[in-house]
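Numbering (the numbering used here), first residue to last: 3 to 125.
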Amino acid sequence: MKTTTITKSIRLSPDESQELARLSEHHAQSESALMKKWIQDGIRKEKLELALQAYQQRKVDLRTGAIMAGVSFNQFIQEVEAHNIVILDDQGFLERLAMLADAFQNERLRAAVQKMMAAEQSA
């Protein structure tokens, strides 16, 4: 099956153009091949960042985040961990955290748990 391609163009300053030529020579690839690779890398990175933000804001779960990012479930979990984002998919987590806040008489933790519970109820 034949794939249709679409041409996009960008304007570069003379310095940017020279740098692109140097990098093209260094990598032994055409300038257009390098630019296409960089665009693909940038799109992948942007999709991942948007998915991580959505997960962090509790707009999506881990599976939906992985789908948004275009990566496997396991890879998305690795990215979540690499970005030091806490995984909160356990249904009883906030209730147990509230019990710990009470047990340790930690007002800051109790307030944070109440804020998270209120956010969950309004969502």
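All C-beta atoms, glycine included, are put in the ideal place defined by N, C-alpha and C.
In this structure, Ala53 places its C-beta atom within 8 Å of the C-beta atom of Gly67. Under the rule that a run must span 4 or more residues, the alpha helix (DSSP H) segments found entirely inside the stretch 11 to 39 read 16 to 29. In the structure shown, Arg46 falls within a helical segment according to DSSP collapsed to helix, strand and coil.
Assignment of Gly67 by DSSP, reduced to helix, strand and coil, places it in the helix class. For Arg112, the uninterrupted alpha helix (DSSP H) segment begins and ends at Glu109 to Ser124.
Under the DSSP assignment, Phe75 falls in the alpha helix (DSSP H) whose first and last residues are Phe75 to Ala84.
About 4 Å separates the CB atoms of Ala103 and Arg112; that is less than 8 Å, so the two are in contact.
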